[in-house]
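Reviewing the structure listed below.
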């Protein structure tokens, strides 16, 4: 696709915290809390792996080489960064609400489902197709999206 001048739109997620909109884009390290977000994301992923999460590399762009590079790409999807930012900055009990410009991928869908069970939080992600209400390890879409 690159040879033909076609570029994929980067995934972007938005979350409101304290009446301020925070934007996360895959590969963008400009957020003031990005280092802490990445540390907390790594911690959450480790806990999720112990609970049964296995990253699904089928949702990585095919032009990336090597399993490590592919896992890194998957690890920093914008919605994962936004979820962790919400966990860090919103009070327990408050629903985490995220808006996306692209459809949520299957790996992120599973990640958020497991995170809601582990963290005992409700997360709502609005993608261009539907609202996904995640709670206690399940999604309102019934895993059909």
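Numbering (full-length UniProt numbering), first residue to last: 1 to 145.
We put the beta carbon where it would ideally sit given N, CA and C, even for glycine.
Computed from a predicted structure; not experimentally measured.
Which same chain residues end up closer than 8 Å to residue i when comparing Cβ atoms and leaving out the 5 residues on each side of it in sequence?
i, result
"residue 53", "45, 110, 111, 114"
"residue 98", "13, 14, 15, 79, 82, 83, 86, 123, 124, 125, 126"
"residue 1", "With a pLDDT of 48 at residue 1, under the threshold of 50, the predicted position of this residue should be treated as unreliable, and no value is reported."
"residue 40", "84, 87, 88"
"residue 37", "31, 81, 84, 85, 88"
Since residue i sits in a beta bridge, which residues does DSSP pair it with?
i, result
"residue 109", "Residue 109 pairs with nothing; no bridge assigned."
"residue 132", "125"
"residue 84", "The partner list for residue 84 (beta bridge, DSSP) is empty, contrary to what the question assumes."
"residue 139", "134"
According to DSSP, is residue i part of a helix, a strand, or is it coil?
i, result
"residue 97", "strand"
"residue 51", "coil"
"residue 9", "coil"
"residue 104", "coil"
"residue 33", "coil"
"residue 90", "coil"
"residue 38", "helix"
"residue 120", "coil"
Please report the residue range of the beta strand (DSSP E) in which residue i lies.
i, result
"residue 13", "12 to 17"
"residue 22", "20 to 25"
Ignore the nearest five residues each way along the sequence and tell me which others in residue i's own chain have a CB closer than 7 Å to its CB.
i, result
"residue 119", "87"
"residue 138", "113"
"residue 187", "It is not possible to answer for residue 187, since the shown part of the chain is limited to 1 through 145."
For residue i, count neighbouring C-beta atoms within 10 Å of its own C-beta (all shown protein chains included) and say buried if the count is 16 or more, exposed if not.
i, result
"residue 121", "buried"
"residue 116", "buried"
"residue 21", "exposed"
"residue 27", "exposed"
"residue 29", "exposed"
"residue 136", "exposed"
"residue 19", "exposed"
"residue 129", "exposed"
Quick one: residues in its chain with C-beta nearer than 6 Å to the C-beta of residue i, no 5 flanking neighbours on either side, listed in chain order?
i, result
"residue 105", "59"
"residue 23", "14"
"residue 75", "none"
"residue 92", "none"
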